[in-house]
Structure formats: structure tokens, C-alpha cells
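Single-structure report; data block below.
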Amino acid sequence: MHCTLAVSHGQAGSPVASSGAASLRIVRFAAEDWPPFISRSLPADGISGVMVSSVFARLGYTVRYEYFPWKRTVQFGLTSPRYAGFLAVWRTPEREKLCHFSVPVGNTQAVLAYLKEDGSPGATLAQMGKLRIGTVAGYANGEQFDGMVARGELKTEEGLNDATNLKKLFIKRYRVILIERQVLQHLLMGRNFSKAERERIAIIDTIFKERSVHVCFKRDEEGAAYQKRFNEAARDIDMLRLERDYWKRIE
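51 is the number of the first residue of the sequence shown in our numbering; add one for each residue after it.
Printed below as a string of C-alpha cells:
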């Protein structure tokens, strides 16, 4: 594998390719549609999308995001020569073995969402041991939560994505769902849910800590080179300001 970010002229499947007379350099990432962080439906592909694209622009690259369900995103991002990696992803000890991680490209806050008419499911995870909790297949939900699931202390059912889980919450397939706060807000404000449905939702936001999301570059020599140059270029960009400006743009 190449250890620099050199342009790969005409190489099929390469994550970096040249295009046209101007030799526009393109780098590709696999991603799951996860608004507002990364989404084909949002300007500049979402908050994380605009951050990643801004950094690569400083390096002379245009970013292309190609969207898949989460499990395929991880698979393609780690194994396909077409992609430099995938996003947006939380850091975990297991993923450290698979990825060279970028600096943060967004911050997240997991919450537990439930229906107001059913009352609070509890103040702690230990109080929810008998409830069915909706999660998304393949997501890492923090050491405490995932550990309790592994020990059989929590009952979870994996759904395809957050939108599907939210719909299942409304029809009471789940008593509670685990979801990122901004993702929940974005979904509820979209065309698929009514004002009446939004008003039925309550959340518990005191259990999970804030976590940053990152780009996972492949854990090889080329991925290490991407990580190094990306992180160096990111130092010259005010990411927090970029995020604030983006929120103003889409509100």
C-alpha cells in the first residue's frame, strides 16, 4: 500500500483518484446516512461531512461519500480498495485495532427516548433490566451499556437504523430506544413524523456521557498516512466554529 497521499492515476478502485484535465483529486469514504452528522440529504453531507471535506480541501482533495447500511459501511470502509475508510464512528477499544482515527469530527450525546404516556422507564440502566430496548445493529453504545447487554442485564433488540427504531417506539414495539440526541431531533422534525408524534416523546439524558465521532482510516500504512496529514491539516481549522456555523445554515 502507498504510504503517502499521492494521486493514483487511473487505478480502478483506488480511494484516491484523479478526474478530468484539472486532475481533481478525489478521496472516497463509505458512510451510513446518519443525519445530521453525515447525510446525502443535507448541505455538504452533514456536520461531520462538512468538517471532513473542509480538512481535505486544505490538502487539495475533494471528498466523495457513498452511502450504505451501517454493517456494509464498516465492511466496505475497512476492506474495499475504493475507500480510504468510513465515518462517522465512535472510538472503542475494539475499533482501535481496526482503525487509525482522525481528530473529532462531531460530538454526540446518547439518550433514551420513550413515550410520555407510558411514563419514565427508570432513572438508571439497572432499573430497565426487564424492558425491551431498541438499538441499532452494529452500533457501539458505550462500555457500561454494552457490558450490561453482554452479561444479560439488559434486553435489547437490534433494528436496521434509528428511523426504524423510532417508528417501532411509536407503535410500542419497544418500551424505550437508545438514540443520539441530535439524530432524534432531526428525525422528529422531518416529514415522516407529525407535531403530535413529536409531543409524545420524552428523553432521559443523564445516563450517557458525550462522545466524539471520528473518521476511521484503514489500519495500514496508507491509512496511517491519511490520519497524519488529516490531523495536521485539521489543526488550522476551527472545528467548533465550523459546527456552529453549520447549525445556523440548516436551522
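The C-beta atom is built at its ideal place from N, Cα and C for all residues, glycine as well.
Cβ-based burial, residue i [other Cβ within 10 Å; buried from 16]
| i | result |
| --- | --- |
| Gly245 | Reading off the sequence, residue 245 comes out as Lys, not Gly. It is exposed - the Cβ of Lys245 has fewer than 16 other Cβ atoms within 10 Å. |
| Gly156 | buried |
| Met101 | buried |
| Asn242 | exposed |
| Ala275 | buried |
| Gly110 | exposed |
| Lys170 | One point to set straight first is that residue 170 is Ser, not Lys, in the sequence displayed. Exposed is the call here. |
| Arg285 | exposed |
Cβ-Cβ distance between residue i and residue j below 8 Å
| i | j | result |
| --- | --- | --- |
| Ala81 | Thr123 | yes |
| Trp120 | Gly188 | yes |
| Gly209 | Lys218 | yes |
| Val226 | Ala163 | yes |
| Asp168 | Tyr117 | no |
| Asp95 | Ser104 | no |
For residue i, three-class secondary structure by DSSP
| i | result |
| --- | --- |
| Ile97 | helix |
| Phe267 | strand |
| Ala107 | helix |
| Asn157 | strand |
| Phe220 | helix |
| Glu35 | The displayed coordinates of the chain run from 51 to 301. Any statement about residue 35 would go beyond what the structure contains. |
Own chain residues within Cβ distance below 8 Å of residue i, not counting five before or after
| i | result |
| --- | --- |
| Lys147 | Arg269 |
| Phe267 | Ala134, Gly135, Cys149, His150, Phe151, Ser152, Gly273, Ala274, Tyr276, Gln277 and Phe280 |
| Ile300 | Pro86, Leu92 and Pro93 |
Close beta carbons around residue i, own chain, < 7 Å, minus the five adjacent residues each side
| i | result |
| --- | --- |
| Asp212 | Val186, Ile229, Val233 and Leu237 |
Residues that DSSP places opposite residue i in a beta bridge
| i | result |
| --- | --- |
| Trp120 | Looking at the DSSP assignment, Trp120 forms no beta bridge with any residue, so it has no partner. |
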